[in-house]
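Scroll down for the structure; my scribbles are underneath it.
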Amino acid sequence: MEDTTTAKPISTSDMQQADVVNPHTKQKWAYSPIVKEHFFHPKNLLLEEPTEGQFDSRGTVGSPACGDVMDIWIKVDPSEDRVIDLKWKTFGCGSAIAATSMFSVMVTENGGLKIDDALKIKPQDIMERLGGLPNRKIHCSVLADKAFRKAVNNYFHATGQHTRVEVDGARVIDSRMNITDKDIEEAVLEGARNLEEVQKKLKVGVGDPESIPEIEQLIRFYSEKYYG
Ligand code: FES
1 MEDTTTAKPI STSDMQQADV VNPHTKQKWA YSPIVKEHFF HPKNLLLEEP
51 TEGQFDSRGT VGSPACGDVM DIWIKVDPSE DRVIDLKWKT FGCGSAIAAT
101 SMFSVMVTEN GGLKIDDALK IKPQDIMERL GGLPNRKIHC SVLADKAFRK
151 AVNNYFHATG QHTRVEVDGA RVIDSRMNIT DKDIEEAVLE GARNLEEVQK
201 KLKVGVGDPE SIPEIEQLIR FYSEKYYG
């Protein structure tokens with residue numbers, strides 16, 4: 001059987017065949033064969049309620065971009081600090097399903113990654129293994145990463161490893177509009193790539209021009225992080 005978990009770039013002919021055409025904008029989206037395989041045959045999907053002791057912790061996040069929810073459960077081998085099982089469930093779209101399925105494979109393949117190595121997986125790494133996703137769908141792949149980080153933090157709390165907990169607090173960038181760095185991150189994930197586009201969504205910095213250099217720096221940071 002073909003190994004569909006390994007990266008294969010989308011060929012030109014794949015890209016020319018649009019899988020989805022937006023009826024309003026006529027924009028075309030193409031999905032790689034690997035994305036389709038993981039969407040139609042998701043790996044590590046949790047179909048039934050977990051049993052007592054089956055997992056060590058759970059992480060749940062909702063996406064402000066589309067209201068979708070992602071749930072991830074992990075089982076850790078404490079002697080090796082390795083994630084030996086990862087299961088998930090989501091109300092997200094096909095891209096979220098494919099990306100999370102691939103993420104679950106990447107974390108658990110070959111006996112499972114050490115927690116610190118699993119935390120290093122970036123959205124671009126998932127994208128590479130999937131053979132790409134349409135730009136507008138990149139935020140869907142971030143749901144798995146966020147839910148996983150929450151599950152790991154919960155595991156650290158539950159096992160008394162408090163110094164390993166990653167704190168991911170929001171920082172206010174524009175105090176007049178009460179807009180944080182997380183709001184700017186979401187705007188970039190929803191497709192805004194420059195100040196003008198971010199301001200269309202958030203009005204950030206409009207009444208506070210002094211915050212603009214930092215806003216532009218954050219736009220560059222998140223664009224680099226998610227789109228390379
Ligand atoms: S998860 Fe919401 S659009 Fe993909």
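Reading the sequence shown from the start, the letters are residues 1 to 228 in my numbering.
For every residue, glycine included, the Cβ atom is placed at its ideal position computed from N, Cα and C.
For M177, which three-state DSSP category applies?
Residue state, collapsed to three classes: coil.
Which residues in the same chain as I72 place their Cβ atom closer than 6 Å to its Cβ, once the five residues preceding and following it in sequence are excluded?
Cβ neighbours of I72 beyond the five flanking positions: G59, W88, A147, F148 and A151.
Helix, strand or coil: how does DSSP classify G58 here?
The amino acid at residue 58 is misidentified as Gly; the sequence shows Arg. R58 sits in a strand when the DSSP states are folded into three classes.
Assign D145 to buried or exposed, taking buried as 16 or more other Cβ atoms, counted over all protein chains shown, within 10 Å of its Cβ.
Classification of D145: buried, given that the 10 Å Cβ count is 16 or more.
Touching by the beta-carbon criterion (3+ pairs, under 8 Å), the stretch 178-193 and the stretch 210-227
Three or more pairs of CB atoms, one per stretch, sit closer than 8 Å, so the stretch 178-193 contacts the stretch 210-227.
For M127, which residues does DSSP report across the bridge?
DSSP lists no partner for M127.
Quick one: complete alpha helix (DSSP H) runs, 4+ long, within the stretch 49-122?
If we require 4 residues or more, the alpha helix (DSSP H) runs fully inside the stretch 49-122 come out as 94-108 and 115-118.
Ligand 1 and A96: does any heavy atom of the ligand fall closer than 6 Å to the residue's C-beta?
At least one heavy atom of ligand 1 sits closer than 6 Å to the Cβ of A96.
Check whether the Cβ atoms of G191 and R136 sit closer than 7 Å, and answer yes or no.
R136 is positioned such that its CB atom lies closer than 7 Å to that of G191.
Rounded C-beta distance between Q124 and G205? I'm assuming under 8 Å.
Contact check for Q124 and G205: beta-carbon distance about 28 Å, past the 8 Å limit, so the pair fails to qualify.
Can you give the Cα-Cα distance for K203 and I212, rounded to whole angstroms?
Whole-angstrom Cα-Cα distance: 11 Å.
For E214, the nearest candidate out of I173, H139, T163 and K26 (CA to CA)
Across the set I173, H139, T163 and K26, the C-alpha of I173 shows the shortest separation from the C-alpha of E214.
Verify the contact flag: D68, CB atom, against every heavy atom of ligand 1, threshold strictly below 6 Å.
Checking the Cβ of D68 against ligand 1 gives yes.
Relative to ligand 1, is the shortest distance from any of its heavy atoms to the C-beta of G92 smaller than 6 Å?
Annotation for G92 indicates a beta carbon within 6 Å of some heavy atom of ligand 1.
Is it right to say L47 is buried, meaning 16 or more other beta carbons lie within 10 angstroms of its own, or is it exposed?
So L47 ends up on the exposed side.
Ordered along the chain, which non-local residues of its own chain (more than five positions away) have a Cβ less than 8 Å from that of A18?
The residues are K28, W29 and A30.
Taking E216 as part of the alpha helix (DSSP H), name the residues at either end of that continuous run.
Unbroken alpha helix (DSSP H) run through E216: I212 to Y227.
Sequence-distant residues of the same chain with beta carbon closer than 8 Å to N178, five excluded per side:
So the list reads V172, once near-sequence residues are dropped.
The alpha helix (DSSP H) with E37 in it runs from where to where?
Counted as a single uninterrupted DSSP element, the alpha helix (DSSP H) harbouring E37 occupies residues P33 to F40.
With burial defined as no fewer than 16 other Cβ atoms inside 10 Å of the residue's Cβ, what is the status of H162: buried or exposed?
Exposed, by the Cβ-count rule.
Give the single residue among V198, D81 and V142 whose Cα lies nearest to the Cα of M102.
Comparing Cα positions, the closest option is V142.
Could you pull out every residue in the same chain whose Cβ sits closer than 6 Å to the Cβ of K114, ignoring the five residues on either side in sequence?
D81 and R82, listed in sequence order.
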